[in-house]
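In full-length UniProt numbering, the protein residues as written are 1 to 182.
We treat Cβ as the ideally placed atom computed from N, Cα and C, and that holds for glycine.
Since we're looking at a predicted model, the values are computed, not measured.
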């Protein structure tokens with residue numbers, strides 16, 4: 001079991017226990033099968049990004065809370081040492097840099113899109129602040145598309161489904177801060 005799998009297993013079980021849910025109850029809320037949840041909690045399955053979002057939405061917790069590590073006073077993050085959450089095709093990678101904390105009300109990710117890859121995120125609470133690091137990313141929300149290049153930033157309300165697309169021949173990456181206002 002790699003480090004990310006271990007964190008997800010520990011955090012999912014902790015959230016489920018904190019909410020007093022059986023595996024059946026959690027499966028009912030999330031739309032993820034009881035057997036899959038059990039495999040994730042045992043560290044025998046590494047969930048896709050879509051599965052993690054389903055679990056987070058169903059259990060009403062932040063996406064990053066399922067991937068968070070133990071707290072530290074000062075924390076340097078080397079993204080080369082992080083295990084990403086991946087989509088089914090392994091073309092969309094999400095690295096949790098700073099997981100959600102209730103006092104701060106935000107989480108920060110490094111997101112990488114392989115050439116010609118796209119990922120659609122279901123609508124969720126909060127605002128997203130995108131800061132493009134490398135390449136270019138096209139973001140489509142409600143049929144409106146904005147193309148962002150390295151150094152560009154964009155803020156949007158994340159309540160509607162949104163699609164990130166890399167239309168180039170090179171990998172694109174961006175930092176994604178999700179803020180959860182009261």
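- Contact annotation: the region 35 to 42 touches the region 9 to 26, with at least three C-beta pairs closer than 8 Å.
- Rounded to whole angstroms, residue 171 and residue 148 show a C-alpha spacing of 14 Å.
- If you ignore the 5 residues before and after residue 126, its C-beta comes within less than 6 Å of the C-beta of 158, 178, 179 and 180, all in its own chain and listed in chain order.
- Excluding residues up to 5 positions away in sequence, 8, 11, 12, 52, 55 and 56 lie with their Cβ nearer than 7 Å to the Cβ of residue 66 in the same chain.
- For the options 175, 88, 101 and 182, the alpha carbon positioned closest to that of residue 134 is the one of 175.
- Taking C-beta atoms under 8 Å as the contact rule, residue 82 and residue 95 qualify, at a distance of about 5 Å.
- As DSSP reads the structure, residue 59 sits in no beta bridge.
- With distances taken between CA atoms, residue 15 lies nearest to 61 out of 123, 166 and 61.
- In the DSSP annotation of this structure, the continuous segment of the beta strand (DSSP E) that includes residue 112 starts and ends at 106 to 113.
- Under DSSP, the beta-bridge partners assigned to residue 165 are 118 and 138.
- A residue is called buried when at least 16 other Cβ atoms come within 10 angstroms of its Cβ; residue 33 does not meet this threshold and is exposed.
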